[in-house]
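Asker:
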Amino acid sequence: MGFFDTILFPFIWFDSAILVGFEWLLTQFGMPDTSGWTWVFAIVGLVVTLRALLTPLMIRQIRSQRRLQIVQPELMKIQAKYKGKKDQASQKAFQEETFGLYREAGANPFGACLPILIQMPFFFALFRLLNTAETVSRGDVEPLGLFTRELATKMAGSEIFGAGLTSTFLHDQDLSAKILSLVLILVMSATQFITSHQLMRQNMSPEALNSPMARQQQILIYVLPIVFAVTGVNFPVALLIYWTVSNLWTMGQQFFVIRNMPAPNTPAEEKYKARMARKGKTATGIQLKNPNFMAEREAARTQVQARTAGQRTQPKSKKRSKRR
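Using this note's numbering, the first residue of the sequence shown is number 8, and each one after it goes up by one.
(1) Taking the CB atoms as reference points, tell me whether GLY239 and LEU231 lie closer together than 8 Å.
(2) Going by beta carbon distance, what residues of the same chain come within less than 8 Å of PHE48, once the five residues before and after it are set aside?
(3) What would DSSP say about ALA290, mapped onto helix, strand or coil?
(4) Give me whichever residues DSSP pairs with LEU151 in a beta bridge.
(5) In the DSSP output, which residue or residues are listed as bridge partners for GLY171?
(6) In this structure, does DSSP put VAL128 in helix, strand or coil?
(7) Out of curiosity, what's the CA-to-CA distance linking PHE36 and LEU53?
(8) SER7 lies in the alpha helix (DSSP H); which residues open and close that run?
(9) PRO271 by DSSP, collapsed to three states: which one?
(10) Flag this pair as touching only if the segment 192-203 and the segment 60-78 have three or more C-beta atom pairs under 8 Å; answer yes or no.
(11) Report the rounded CA-to-CA distance for ARG331 versus LYS90, giving the unit in angstroms.
(12) On the DSSP bridge assignment, give the partners of PRO243 in chain order.
(13) Indicate the three-state DSSP secondary structure (helix, strand or coil) for MET38 in the structure shown.
(14) In or out: ALA313 buried (at least 16 other Cβ within 10 Å) or exposed?
(15) Tell me the rounded alpha-carbon separation between ILE25 and PHE18.
(16) So, GLU149 versus ALA163, is the Cβ gap smaller than 8 Å?
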C-alpha cells in the first residue's frame with residue numbers, strides 16, 4: 008500500500024463499503040453481478056449517498072459564506088480604519104476588531120472552507136477506488152477496502168452500450184468505449200460550465216462581478232471544462248460516470264441554494280424577494296445571529312459621530328492666541 012492509499016485508508020473503506028453494499032443490494036433484486044448497469048446504478052447510489060451525507064456540511068458552508076457576505080461592508084470599514092498602520096499595536100487592534108465582528112455576527116471565516124476540506128478525502132478515495140479497478144482485477148495492485156479482486160474482475164468484465172466500464176478513450180481501440188467516453192466528457196464539461204455560469208450571473212453582486220477575482224473566475228468558467236475534457240480521455244468509463252453524476256448533483260444542488268439561499272444584493276436575491284412577495288411571505292433568507300446587528304452598529308457609529316461633532320471647542324485667551 009502506497010503513501011497516498013495509507014492516508015486515504017479509512018475513506019477508501021467507507022466508499023468501498025457503500026459501493027459493494029449497493030452492488031449486493033441490486034443483485035438481490037435480480038440484476039446480474041456481471042452487468043454493467045448493475046455497477047452503473049451502484050456508482051450512482053454511492054455518489055447520491057455520499058453527497059446526501061455531506062449535505063449538512065454544505066448547508067453550514069453556505070450559511071457561513073452568506074453571513075460573511077452580509078458583514079463585508081463592516082469588515083471593509085475596519086480595514087480602511089487600519090490601512091497603512093503596520094505597528095504591532097495597530098495590527099493587534101485590527102485582529103481583535105475583525106474577530107470581534109465575526110463573533111458578534113455569528114460568522115465564521117473558517118466555516119466556509121472547512122466543509123470543503125472534509126469532503127475532499129472522500130472524493131479522492133472514490134477516485135482512487137474506481138480508477139484502479141482494472142489493475143486490481145489483473146492482480147497488478149492489491150484490492151482496496153472491501154472492493155475485492157473478484158468484484159473488480161466483475162466490474163472490469165462488465166459493459167454498457169458495448170463499452171467496458173474500465174475502458175478509456177485514449178488507451179482502448181474499442182469504438183463503443185470511445186463514443187461513450189466522449190459523450191460523458193461532453194456532459195461532464197457542460198454541467199461544469201452551467202454550474203459555474205449560473206453562480207456568476209445569478210449569485211454575485213455587481214460589485215463582486217467587477218472585482219479582479221471575478222474576472223479570474225470568468226476565465227476559469229471556460230478553462231475548467233477544457234481541463235476536464237483533456238484529462239477525461241485518460242479516465243475509465245466508470246470514473247467518468249461517477250464524475251458526471253456528481254456534476255449533475257452539484258448543478259441541481261446549486262440551483263436549489265441560489266433559489267432559496269441567495270447571496271445579498273444579487274439578481275438571485277431580487278428574484279427570491281419577488282417570489283416571496285407574490286406568496287405573501289417575508290423574504291428572510293439567511294440571517295445573522297443578531298438580525299439587527301448591522302443596524303445597531305450603524306446607530307452606534309452615528310451616535311459617536313454626533314458626540315464628536317457636538318463637542319464644544321475650548322475658548323482661548325488673547326494671550327495664548329498671540330503666543331501661538
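Ideal Cβ positions, reconstructed from N, Cα and C, are used throughout, including at glycine. Keep in mind it's a predicted model, so treat the numbers as computed, not measured.
Answerer: Straight from the coordinates:
(1) Numbered from its first residue, the sequence shown carries residue 239 at position 232. Numbered from its first residue, the sequence shown carries residue 231 at position 224. No. Outside cutoff.
(2) The sequence position of residue 48 within the sequence shown is 41, counting from 1. Excluding residues within five positions, the ones whose Cβ falls inside 8 Å are PHE29, LEU33, MET38.
(3) By one-based count along the sequence shown, residue 290 stands at place 283. DSSP places ALA290 in coil when its eight states are reduced to three.
(4) In the sequence shown, residue 151 corresponds to position 144, counting from 1. Its beta-bridge partners are PHE154.
(5) One-based indexing of the sequence shown puts residue 171 at position 164. DSSP lists GLU166 as partners of GLY171.
(6) If you number the sequence shown from 1, residue 128 lands on position 121. Just to set this straight, residue 128 is Pro in the shown sequence, not Val. DSSP places PRO128 in helix when its eight states are reduced to three.
(7) Here residue 36 refers to the residue found at position 29 of the sequence shown. Here residue 53 refers to the residue found at position 46 of the sequence shown. Cα-Cα distance, rounded: 17 Å.
(8) Nothing can be reported for residue 7: it is not among the residues displayed for the chain, which extend from 8 to 331.
(9) Taking the sequence shown and counting its residues from 1, the one referred to as residue 271 is at position 264. Coil.
(10) no
(11) Here residue 331 is taken as the residue at index 324 of the sequence shown, counted from 1. Here residue 90 is taken as the residue at index 83 of the sequence shown, counted from 1. Caution is warranted here: a pLDDT of 48 is assigned to ARG331, below 50, making its placement in the model unreliable, and the coordinate value is therefore given only provisionally. Spanning the two alpha carbons is a distance of roughly 33 Å.
(12) As a position in the sequence shown, residue 243 is number 236, starting the count at 1. THR175.
(13) Counting from one through the sequence shown, the residue named residue 38 turns up at place 31. MET38: coil per DSSP, three-state reduction.
(14) Within the sequence shown, the letter at position 306 stands for residue 313. Flag for ALA313 reads exposed.
(15) To locate residue 25, count along the sequence shown from 1; it is residue 18. To locate residue 18, count along the sequence shown from 1; it is residue 11. Whole-angstrom Cα-Cα distance: 11 Å.
(16) Residue mapping note: residue 149 aligns to position 142 of the sequence shown, counting from 1. Residue mapping note: residue 163 aligns to position 156 of the sequence shown, counting from 1. The answer is no: Cβ separation not under 8 Å.
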